[in-house]
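Numbering (our numbering), first residue to last: 2 to 743.
Glycine included, every Cβ here is placed at the ideal spot set by N, Cα and C.
Keep in mind that this is a model prediction, so the values were computed, not measured.
Here the structure comes first, spelled out in structure tokens, and everything after it is commentary.
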Amino acid sequence: MSIRKRLTILMLFIGLVPTLAVGIVAYITISTSLTHKTVDQLVSTASEQQQRINSLLQKRQEQALELSNTFDLQSNLGTYLASAGRQGKPQLQSIVQNTINGNTDVQNISLADLSGKIIVSTNPQDEGLTLGTQDTAMPSGQETTTTVREDQRDGIDKLYITTKVSVNKQESGLLSVVFRIDDIVAAVQDYTGLGSTGETVVAAHNANNHTLSLFPLRFNTDAALKANLDSLQLFTDSDTGYKDLTDYRGTEVFVAAKSIGFANWVIATKIDKAEALAQTDQLRNTMIIIVAASSLIIALIALYFTQFFTKPILLITEAAQQIGRGDLSPQLRLQRRDEIGTLASNINAMGASLKGFVASIEAQRNRLEIILNSTVESILAIDKHGTIILANKAATELTQTDVGDIVGKNVNDIFRWSQSAEPFTIDYLQSGAKIYTDLQYINPAGITHYVKLIVAEIKVQQGDSAAQTIITIHDETKSRELEAMKVDFVSMAAHELRTPLAAIRGYLELITFKAGRTLNSEATSYIRQALKSSTELGGLINNLLDVTRIERRTLALTFEKIDLAAELQQSVEEAAFTAKDKEIKLIYDGIRVPSFVAADEIALHEVINNLIGNAIKYTDPGGTVTVRLQRENDAYQVAVVDTGIGIPVAAQPNLFTKFYRVHGGLNSGSTGTGLGLFIAKSIIERHGGSITVQSQEGSGSTFTFIMPAFNATRFASLQSEAQPKIIATRRHHGWITKNITR
Ligand code: ADP
């Protein structure tokens, strides 16, 4: 969900929920209190009405009782009854007449005997008639009956109160007093404070136990009277507050009922619910309007603030995405001085500095590209899946393929290497750097390239498609061709020199043989010197030829079982004369037991001779040269130790390379070719051994070579090893010939 949506929801929630909650709580509180107020008013009106009507009834009842208790009435009734109606009647008549005359409320007074037969009445026609059953049927234990009914004569509702009259404490007659009830009706119908739908009901049970109103009702009175007021449940739980009911009109009402004890009546006030709750409804509507209006305002404010906060964020996000896509020129224009404004200007600044940064990287990249493309070496970068992600110009020239056709391809699909005509696989994903030499690559044009490969892992890995390995292909085809040409030339020159040299030697020997005796000593010395020089020259030529054979890999060796101890002793003996000549002590200090190795005897002999020759050559008179031999596990170690001039440390690593001479500068006067140690190393390695040097300038040198001891299995495999196809036409005596004088 976007930040704008979230913020909008949050703002609306914060704004609307409290508003709605306050609205609802206020509505409930106020409406409850309003309802209570209305109902309380209803109940209190009911109580007031109850009191008023009670007091009006009570007054009339007291009047009736007062009359029934007057002495005159009782004594005259006693007389009347005792005389069986002959005496007392006129007195009784005047008593009731006098009573009515003094009381306008009273409509009629009748005195009857216990059977209800009227003795006297203010209404003379009634005399001799009988009182109504409602009047005579007095409920047990009660002294009076109170009823309201229509007067048959004038059709007006009246209050009938009948009391018992006692003569000498004996019930002797009934006094019926008929009252006007205008004031009671007025009191009942006094609706002040009850609102437009309020009314008072005074009800009693009829003979069928239905509730009927004693007085006309305010609404729909006839119907109400004809029907009954049972639905108002006036007699159930009266005096207990109020009820919520549907009245005789089918209207929902609140009713508060109170009993009027002595008459077994009930007085109730009621009000239409609609009116009672009108204020509440109005309040509800007002509240809804207020809540709706405030919600709307809050929503608008929330939307405004959401917009206010999120718009710049969205703009900033968009700008950041733009930068992410590589468009570094977004310019956010937010006229704000707050943190968001600062953020926007920081993003602008970041974009600008990134732009500069990218430009400088671009420039650097261009420079690198130029460098890469101008190197003669082919350079490739591949990722960890072997996919080529960069190839320089030399690579495209080597493969004769466009950059677009190399980049994105797998390196194994583009380059198939071979070594000595056999397919060669390279692990491009190895760690560290590795060099592969002597590889061939045949390009699409069918041209074979001899190459050297450097496969180097890039340590910093930035991801799946980041460059993982750099492959540098060094094309050695041209230099190999040159080298081959050089070797060919040297070989050819050496071969060509051998014939004239042989002729020179032949003639010199012929002169010595034929005219040796006739030559004077000076001429003899010259010829000897010439012979010596030609021998040296022959040695040099042989050395050159050997070097060319080594380089062409055409040097043939014949392995035999040779006693190394015997070979060494023989070489020491051979050199003894030269050493003695130079006043150098040459000694053999090795084991003398047969020490067999598999070797080409001539080659081995020449290596030993060269080492001994060098030792003598580079040791001043008075020094010592010691030849040692010792067994070391499965090998023999030969050391030629001298006390000579030594070799500087810096020169030692190059000693075994071609033409390298330490003490052989042009002005040094030292003679030599710098080929002896190169040939010696090649021969020793062909025998499966190794050669090293230890030397200290001024103190002497030790050349040590190790050869594996004779082993039948190894010997067999050496013999069966394919000899170079071109067998060297050597077997001259003296492989490495040197002039031992420096
Ligand atoms: P050359 O002796 O013909 O110059 P080598 O290949 O036999 O060629 O020797 C190479 C160089 O090594 C020599 O020129 C010499 O400077 C140095 N060297 C070889 N052996 C010794 C030694 N025993 N003491 C000092 N220097 C030596």
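Checklist entry - Measuring CB to CB, does Ser177 end up less than 9 Å from Tyr192? => result no
Next on the checklist: Given 8 Å as the limit, tell me if Lys618 has its C-beta closer than that to any heavy atom belonging to the ligand ADP.
Outcome noted: yes
Checklist entry - Less than 8 Å between the CB of Gly759 and some heavy atom of the ligand ADP, yes or no? => result Because the chain here runs from 2 to 743, residue 759 falls outside it and cannot be looked at.
Next on the checklist: With a threshold of 8 Å, are at least 3 pairs of Cβ atoms found where one atom belongs to the region 539 to 550 and the other to the region 568 to 584?
Outcome noted: no
Checklist entry - How far does the alpha helix (DSSP H) with Asp439 in it reach, from first residue to last? => result Unbroken run through Asp439 is the beta strand (DSSP E), 434 to 443; no alpha helix (DSSP H).
Item to check | Coil, strand or helix - Thr730 by DSSP | outcome: The predicted position of Thr730 is uncertain, since its pLDDT is 40 and thus under 50; no value can be drawn from it.
Checklist entry - Just the Cα atoms here: how many angstroms apart are Val97 and Gly129? => result 16 Å
Checklist entry - Rounded C-beta distance between Thr163 and Thr134? I'm assuming under 8 Å. => result Going by Cβ atoms, the distance from Thr163 to Thr134 rounds to 11 Å, so no, they are not a contact pair.
Item to check | DSSP state of Trp736 mapped onto helix, strand, coil | outcome: Unreliable positioning characterises Trp736 in this predicted model, as indicated by a pLDDT of 42, which lies under 50. A coordinate reading is not provided.
Checklist entry - If you compare alpha carbons, which of Glu482, His496, Gly433, Ile505 is closest to Thr470? => result Gly433
Item to check | Heavy atom of the ligand ADP within 8 Å of Leu656 beta-carbon | outcome: yes
Next on the checklist: Give me the DSSP bridge partner(s) of Ile588.
Outcome noted: Thr627
Checklist entry - Buried or exposed: Gly142, going by 16 or more other Cβ atoms within 10 Å of its Cβ? => result exposed
Item to check | Classification of Val359 by the beta-carbon crowding that lies within 10 angstroms, buried from 16 upward | outcome: exposed
Item to check | Status (buried if at least 16 other CB within 10 Å, exposed otherwise) for Met486 | outcome: exposed
Checklist entry - Can you tell me the Cα-Cα spacing of Tyr249 and Ala258, whole angstroms? => result 15 Å
Item to check | Gly196, DSSP secondary structure in three states | outcome: coil
Next on the checklist: At a cut-off of 8 Å, would you count Gly517 as near the ligand ADP, judging by its Cβ distance to the nearest heavy atom?
Outcome noted: no
Checklist entry - So what's Val594 in DSSP terms, helix, strand or just coil? => result coil
Checklist entry - Apart from the five residues just before and just after Thr742, which ones in its own chain have a Cβ nearer than 7 Å to its Cβ? => result Because the pLDDT at Thr742 is just 45, under 50, the model does not fix this residue reliably, and the value given afterwards should be weighed accordingly. Result list for Thr742: empty, nothing under 7 Å.
Next on the checklist: Can you determine whether any heavy atom of the ligand ADP sits closer than 8 Å to the C-beta of Asp621, and answer yes or no?
Outcome noted: no
Item to check | Completely contained beta strand (DSSP E) runs for the region 508 to 586, where each covers 3 or more residues | outcome: 561 to 564
Item to check | Integer-rounded CB distance, given that Ser379 should sit under 8 Å from Ala364 | outcome: Not confirmed; about 25 Å, so no contact.
Checklist entry - Taking 8 Å as the line, does the beta carbon of Gly539 fall inside it for any heavy atom of the ligand ADP? => result no
Item to check | Where His386 falls: helix, strand or coil (DSSP) | outcome: coil
Item to check | Whole-number beta carbon distance between Val408 and Ala392, since they are thought to touch under 8 Å | outcome: 6 Å
Checklist entry - Apart from the five residues just before and just after Thr513, which ones in its own chain have a Cβ nearer than 7 Å to its Cβ? => result Ile528
Next on the checklist: Counting only beta-carbon separations shorter than 9 Å, does Leu538 have a partner in chain D?
Outcome noted: In the displayed structure, chain D is absent; only one protein chain is listed.
Checklist entry - Got a sec: does the ligand ADP put a non-hydrogen atom nearer than 8 Å to the Cβ of Thr674? => result yes
Checklist entry - Gly699: beta carbon under 8 Å from a heavy atom of the ligand ADP? => result no
Item to check | Length of the line joining the Cα atoms of Asn99 and Leu93 | outcome: 10 Å
Next on the checklist: Does the beta-carbon of Asp643, which I'm using as the reference point, lie nearer than 8 Å to any heavy atom of the ligand ADP?
Outcome noted: yes
Next on the checklist: Among the candidates Leu509, Lys618, Ala294, Leu676, whose CA atom is the shortest distance from the CA of Asp547?
Outcome noted: Leu676
Checklist entry - Are Leu746 and Glu200 closer than 9 Å when you measure CB to CB? => result In the structure displayed, the chain extends from 2 to 743; residue 746 sits before or after that span and is not available.
Item to check | Length-filtered (3 minimum) beta strand (DSSP E) runs lying within the region 246 to 307 | outcome: 253 to 261, 266 to 273
Item to check | Asn740 versus Thr620: straight-line alpha-carbon distance, rounded | outcome: Here the model assigns Asn740 a pLDDT of 47, short of 50, so the residue's position is not dependable and the matter cannot be decided.
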